[in-house]
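To convert, count from 1 in the sequence shown and add 500; that's the numbering used here.
Presented below is the structure to which this report refers.
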Amino acid sequence: MTLVKEIILSDDFKSSGIVIGGDSVKLNNWPTNPDGEALVLIATIMCASLKKTHNCRSIPQEGILYVFSTYSSSDYFLDKVTYSGNASELGSISSGYTLVIMKNSELEIISPDNIIPKINTTFKDKKVQEDDYPVFSMLTNTPPNGVKLPSDLLKEYEFIMQLYSSDFPDPFKDIFYLTDAVGCLLLKRDGSGDGLFFVHTA
501 MTLVKEIILS DDFKSSGIVI GGDSVKLNNW PTNPDGEALV LIATIMCASL KKTHNCRSIP
561 QEGILYVFST YSSSDYFLDK VTYSGNASEL GSISSGYTLV IMKNSELEII SPDNIIPKIN
621 TTFKDKKVQE DDYPVFSMLT NTPPNGVKLP SDLLKEYEFI MQLYSSDFPD PFKDIFYLTD
681 AVGCLLLKRD GSGDGLFFVH TA
């Protein structure tokens with residue numbers, strides 16, 4: 501059994517350190533994928549706040565992390581953001597179809613395209629049995645069942661959280677293309693804030 505922190509969408513004005521969605525970031529430029537499409541802001545992480553709850557070395561001591569992904573309400577995009585352990589899939593993700601980036605500007609810029617409504621989150625302790633396949637958003641350092649990651653990748657990166665597609669607000673319950681898909685965040689163990697974000701499907 502593993503004790504995890506379930507991530508729950510909340511109307512509370514006080515953020516837990518993770519904000520879902522939003523329309524603005526403090527970056528020099530709004531990121532685009534290799535096809536020239538604007539990425540969608542999936543989550544904003546206030547590192548110092550999150551570290552109080554989820555104190556792992558890979559989370560930077562301070563700063564703001566933004567998590568982006570490719571999304572379309574009409575076109576197929578699952579293959580561009582999915583990773584199941586295949587090197588070619590990792591290459592696609594690393595090329596910019598998803599992005600994890602630290603705040604690098606004091607000026608705020610606005611999303612040019614799809615905007616997920618900004619929602620704060622809260623945490624709740626939850627037990628996950630060894631044979632469970634958890635289908636909810638959560639903080640955990642242990643990759644959930646079904647998420648297969650090469651050992652060499654886990655030497656460099658630490659699993660931080662998964663976000664469940666159906667937990668997102670309407671009309672973005674297909675944010676990871678399938679309503680039962682999860683988005684997985686890994687951060688480099690050196691605490692630099694460099695990370696990987698990819699989608700996993702059952």
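Even for Gly, the Cβ is constructed at its ideal location relative to N, Cα and C.
Here the structure is a predicted model, which means the values were calculated and not measured.
Inset, instruction - Compute the Euclidean distance between the alpha carbons of serine 665 and leucine 607, then round it to the nearest angstrom. - result: Translated into the one-based positions of the sequence shown, residue 665 becomes position 165. Translated into the one-based positions of the sequence shown, residue 607 becomes position 107. Those two C-alpha atoms are separated by around 30 Å.
Legend entry - Per DSSP, cross-strand counterpart(s) of alanine 731: The structure shown does not extend to residue 731, since the chain is modelled only from 501 to 702, so the question has no answer here.
Inset, instruction - Could you tell me whether the Cβ atoms of glycine 563 and glycine 693 are closer together than 8 Å? - result: By 1-based counting over the sequence shown, the position of residue 563 is 63. By 1-based counting over the sequence shown, the position of residue 693 is 193. Yes, Cβ-Cβ distance for glycine 563 and glycine 693 is below 8 Å.
Legend entry - Residues that cysteine 684 bridges to, as DSSP identifies them: Stepping through the sequence shown from its first residue, residue 684 is reached at position 184. Cysteine 684 pairs with Gln662 and Phe698.
Inset, instruction - Within the same chain, show all residues whose beta-carbon is closer than 8 Å to that of methionine 602, passing over the 5 residues directly before and after it, in chain order. - result: Sequence index remark: in the sequence shown, residue 602 carries index 102 (1-based). Around methionine 602: Pro560, Gly563, Ile564, Leu565, Tyr566 and Gly693.
Inset, instruction - Tell me tyrosine 657's beta-bridge partners as DSSP assigns them. - result: The sequence position of residue 657 within the sequence shown is 157, counting from 1. Answer by DSSP bridge pairing, in chain order: Lys688.
Inset, instruction - Answer with buried or exposed for aspartate 631, where buried requires no fewer than 16 other C-beta atoms within 10 angstroms of its C-beta. - result: Sequence index remark: in the sequence shown, residue 631 carries index 131 (1-based). Aspartate 631 is exposed by the Cβ-count criterion.
Inset, instruction - Using a threshold of 8 Å, state whether the C-beta atoms of leucine 503 and aspartate 667 are closer than that. - result: As a position in the sequence shown, residue 503 is number 3, starting the count at 1. As a position in the sequence shown, residue 667 is number 167, starting the count at 1. Not in contact: leucine 503 and aspartate 667 (Cβ atoms no closer than 8 Å).
Inset, instruction - Using the Cα positions of leucine 599 and serine 569, report the straight-line distance between them to the nearest angstrom. - result: To locate residue 599, count along the sequence shown from 1; it is residue 99. To locate residue 569, count along the sequence shown from 1; it is residue 69. Going by the C-alpha atoms only, they are around 6 Å apart.
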